[in-house]
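Student: To convert, take the position in the sequence shown, counting from 1, and add 10; that gives my numbering. A virtual CB, placed ideally from N, CA and C, is assigned to each residue, including glycine. Below is a structure I'd like to ask you about.
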Amino acid sequence: MTTDAFYNEDYFEGKSRHSPPHSRGLIYPMAERTARFLCRQSTPARVLDIGCAKGYLVEAFHAEGVAQAVGIDVSRYAVSCAEPAMRGRLLVGNLTEGLPVATGTCDVVTAMDLFEHLADPIPALREIGRVLRRDGKAYLKICHPCHPNAARDPSHINVQPLGYWTAIFRQVGFSWMRIYETDVAGLNSVADQAKVLIRRFREWAVLGTPADYKFVLWRG
11 MTTDAFYNED YFEGKSRHSP PHSRGLIYPM AERTARFLCR QSTPARVLDI
61 GCAKGYLVEA FHAEGVAQAV GIDVSRYAVS CAEPAMRGRL LVGNLTEGLP
111 VATGTCDVVT AMDLFEHLAD PIPALREIGR VLRRDGKAYL KICHPCHPNA
161 ARDPSHINVQ PLGYWTAIFR QVGFSWMRIY ETDVAGLNSV ADQAKVLIRR
211 FREWAVLGTP ADYKFVLWRG
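Next comes the structure, spelled out in structure tokens:
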């Protein structure tokens with residue numbers, strides 16, 4: 011079965027029991043909070059959401075005034091479900107085969123619940139690094155091994171401990187910071203130069219489930 015065939019109507023509407031329904035009522039409120047928060051950290055002119063599914067996060071960035079927010083997903087079905095105003099801003103494509111985006115043009119790249127689906131994340135990370143501006147940032151949310159859906163979804167083929175991901179980030183040339191949901195003591199004990207950045211991202215950390223890894227990546 012091809013990737014596009016797997017991520018079909020049954021998958022996104024919860025009929026396959028692999029994943030909960032990817033419904034607007036469930037996903038869009040989180041997308042709104044994520045876009046609102048990230049737009050407060052900077053004023054991105056161009057945002058790329060990889061693994062955009064039905065385009066809720068792209069739509070939320072547009073609502074925040076990011077006119078050049080676009081998305082890409084492997085699923086033709088998901089992209090076809092986007093709101094009419096978003097359909098021209100979502101593409102069907104595969105990150106591992108290269109993005110139809112010019113080098114160094116994105117202020118922000120988001121990839122939410124994507125990397126657990128990739129057998130080899132290195133080409134994907136390199137492609138993210140290629141499209142980011144020199145001062146751009148990537149925001150990743152990755153399934154934690156203790157997530158209740160980690161083993162339920164057969165497309166979760168790369169559910170790994172923290173050390174796996176941080177080693178790969180370094181290998182590709184990214185600096186990174188993990189954002190914690192509840193480890194306030196740990197957050198307050200890090201080096202002084204990181205404290206301000208950590209405080210800025212605490213709000214984003216609570217979006218999603220407690221079992222997700224959340225990372226901010228930047229080049230250099």
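Taking C-beta to C-beta, are residue 232 and residue 57 nearer than 8 Å?
Tutor: Residue coverage of the chain in this structure runs from 11 to 230, which leaves residue 232 outside it and unanswerable.
Student: DSSP puts residue 226 in a beta bridge; with which residues?
Tutor: According to DSSP, residue 226 bridges with 149, 187.
Student: Taking the alpha-carbon of residue 169 as reference, which of 131, 188, 181 has the nearest alpha-carbon?
Tutor: The shortest C-alpha separation from residue 169 is found at 131.
Student: Under the three-state reduction of DSSP, which class applies to residue 86: helix, strand or coil?
Tutor: Three-state result, residue 86: helix.
Student: List the DSSP bridge partners of residue 57.
Tutor: Bridge partners of residue 57: 79, 118.
Student: For residue 228, which residues from the same chain have a beta carbon less than 6 Å from its beta carbon, with the 5 sequence-adjacent residues on both sides left out?
Tutor: Excluding sequence neighbours, residue 228 sits near 147, 185.
Student: Roughly how many angstroms lie between the CA atoms of residue 99 and residue 80, to the nearest whole one?
Tutor: For residue 99 and residue 80, the distance between alpha carbons rounds to 5 Å.
Student: Relative to the C-alpha of residue 105, which candidate in 13, 225, 222 has its C-alpha closest?
Tutor: The residue with the shortest Cα to Cα distance from residue 105 is 13.
Student: When burial is assigned at 16 or more other CB atoms within 10 Å of the CB, is residue 8 buried or exposed?
Tutor: The structure shown does not extend to residue 8, since the chain is modelled only from 11 to 230, so the question has no answer here.
Student: Could you compute how far the alpha carbon of residue 134 sits from the alpha carbon of residue 160?
Tutor: Roughly 20 Å separates the two Cα atoms.
Student: By the 10 Å Cβ neighbour count, where 16 or more other Cβ atoms means buried, how is residue 59 classified, buried or exposed?
Tutor: The residue in question, residue 59, is buried, as its Cβ has 16 or more Cβ neighbours within 10 Å.
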